[in-house]
Amino acid sequence: MEFNGERVVPGKVDQKLYLEHLVRYLFAAQSSTGKKVLDLGCGTGYGTHLLAENASRAVGLDSSGQAIEYARERYKRENLDFVAGDCGSVPFSDGEFGLVVSFEVIEHLEEHERFLSEAKRLLAPEGLFMVSTPNKKTYTDLRRGYRNPFHVKEFYLEEFRQVLGVHFPEVRIYAQFATGGNMVLKEPQAQGMGILSMSQSGGMALEEAGYFIAVCGNEKVRGGPDFLFLADDPESFRRREAEIRDLVANMRSNFEERTTWALGMKKDLDEKVELIGRLQAELRKSNDWAHGLEAKLQGEIRLSAEGAEAGSAPSEGLQELGKRLSDITRQCDERTQWALQMQQELEEKGALIRRLQANLEERNMWAIDLDSQIRRKDELIRKLQADIRELKKSGQ
């Protein structure tokens with residue numbers, strides 16, 4: 124099968140173009156484990172074959188009979204099938220698939236609304252629909268005079284989001300850039316690691332992406348990496364890997380410093396809590412003594428009143444006792460106020476420490492996950508290099 128500009132044929136296209144398409148399937152493969160997967164507009168089947176590695180079953184569907192025959196001859200697995208058909212009328216049951224993907228297809232369709240309705244019908248309630256398309260701003264508008272003859276409808280960012288939002292309550296947009304390779308970045312959020320990934324890529328804006336990859340669902344979209352990088356060559360991959368490892372090392376160092384500081388704060392807090400306990404015990408003892416003194420004073424007052432009726436003057440002891448009681452009452456009030464202020468301060472510091480610990484734990488988990496992703500990408504790049512060498516041999 125020869126490449127005519129519409130469907131990628133491995134071994135018959137430029138390696139950069141092939142990797143540009145392949146990275147989307149690598150991205151989707153991270154959500155395919157154990158699921159029944161449907162690839163709408165599968166083309167020559169190389170991506171469906173990749174998804175089948177971890178899926179319980181993978182099905183590729185395309186309107187081109189020639190492409191389907193090519194896929195059937197070239198890619199064989201027990202859990203892999205290829206079907207010729209229309210993406211707007213798919214011969215499968217409602218809710219049959221846990222993952223439906225469709226990369227670089229929607230812009231080729233006249234009836235994209237019917238296509239999206241069909242994707243929603245096929246998706247399990249908790250499933251994911253991943254769909255990609257070129258960014259019209261960078262793909263066409265900035266390339267003056269260029270028009271892809273196979274594209275019927277291209278989308279700007281907000282237009283793409285709105286079209287998908289009609290059918291799916293949850294839509295998360297990722298951006299694909301070509302930066303010495305292919306990078307997929309998560310849409311920046313108000314908070315979270317998406318912003319960090321963006322800044323580390325050199326301040327790339329979502330609106331400037333070469334392609335958009337949307338992850339859609341009927342429920343809240345969970346999972347997915349903050350970014351994915353596939354290099355055009357091993358040296359680019361090693362440079363990017365080194366940058367990511369430096370980022371992880373810096374985050375871990377920052378985490379350890381903050382952990383040490385938080386532990387110091389906790390020790391100080393524990394010491395102050397212990398002091399509060401001692402002072403409260405002392406305060407209770409002082410209050411008991413003051414109450415006893417007050418009872419004694421009341422007794423003296425009664426005796427004084429009885430003496431006054433008999434014509435005698437108040438004793439000096441009674442006057443001294445009243446003065447001492449007044450001083451002790453004042454000291455108890457001052458200590459009580461201090462203890463209350465100290466307790467409020469400690470509660471505020473305790474809340475701050477708990478927030479910091481939660482934030483540090485979240486960042487530490489992200490760094491650990493990122494390190495794990497790097498190791499997986501290392502294995503993937505080795506596998507891809509082997510596949511590319513094999514494809515070059517078969518194309519010669």
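Residue numbers (my numbering): 124 to 519. By construction, the Cβ of each residue, glycine as well, lies at the ideal position given by its N, Cα and C atoms.
Shown here, residue 286 sits in a helix according to DSSP, grouped into three states.
Remark: C-beta atoms of residue 147 and residue 190 do not approach each other more closely than 7 Å.
Counting along the chain, the unbroken beta strand (DSSP E) around residue 203 starts and ends at 203-207. A straight line joining the alpha-carbon of residue 488 with that of residue 269 spans about 45 Å. Excluding its 5 nearest sequence neighbours in each direction, residue 173 has C-beta neighbours in its own chain below 8 Å: 145, 148, 149 and 152, listed in chain order.
For residue 411, no pairing in a beta bridge is given by DSSP. Looking only at 275, 259, 254 and 164, the smallest Cα-Cα distance to residue 290 is reached by 254. In the three-state scheme derived from DSSP, where H, G and I count as helix and E and B as strand, residue 256 is classed as strand. In the three-state reduction of the DSSP assignment, residue 185 falls in the strand class, which pools E and B. Within the same chain, Cβ atoms closer than 6 Å to the Cβ of residue 178 are found at 155, 158 and 160, the five residues on either side in sequence being excluded.
For residue 198, no beta strand (DSSP E) encloses it, and the DSSP letter there is neither H nor E. Where residue 239 is concerned, there is no enclosing beta strand (DSSP E), although the alpha helix (DSSP H) around it starts and stops at 235-245. Annotation: the continuous beta strand (DSSP E) that includes residue 340 extends over 334-340.
Here residue 299 carries a strand assignment [DSSP, helix/strand/coil]. Looking from the CA of residue 163, the closest CA among 192, 193, 197 and 220 belongs to 220. The Cβ atoms of residue 285 and residue 336 lie no closer than 7 Å to each other. With fewer than 16 other Cβ atoms inside 10 Å of its own Cβ, residue 414 counts as exposed. The residue from 333, 274 and 276 with its alpha-carbon nearest to that of residue 296 is 333. Taking a C-beta distance under 7 Å as the contact criterion, residue 210 and residue 238 qualify as a contact pair. Contact check for residue 188 against residue 165 fails: the beta carbons are separated by 7 Å or more. Boundaries of the alpha helix (DSSP H) harbouring residue 173: 169-174, taken from the DSSP string. Around the beta carbon of residue 383, fewer than 16 other beta carbons sit within 10 angstroms, so the residue counts as exposed. Collapsing the DSSP output to three states places residue 278 in a strand. The beta-bridge partner set that DSSP reports for residue 150 is empty. In this structure, residue 167 and residue 203 do not form a Cβ contact; the two beta carbons are roughly 13 Å apart against a cut-off of 8 Å. For residue 228, the secondary structure class from DSSP, reduced to helix, strand or coil, is coil. When the beta-carbon positions are compared, residue 398 and residue 462 stay at least 7 Å from each other. Burial check for residue 338: the Cβ neighbour count within 10 Å reaches 16 or more, so the residue is buried. The straight-line gap separating the alpha-carbon atoms of residue 454 and residue 475 is approximately 32 Å.
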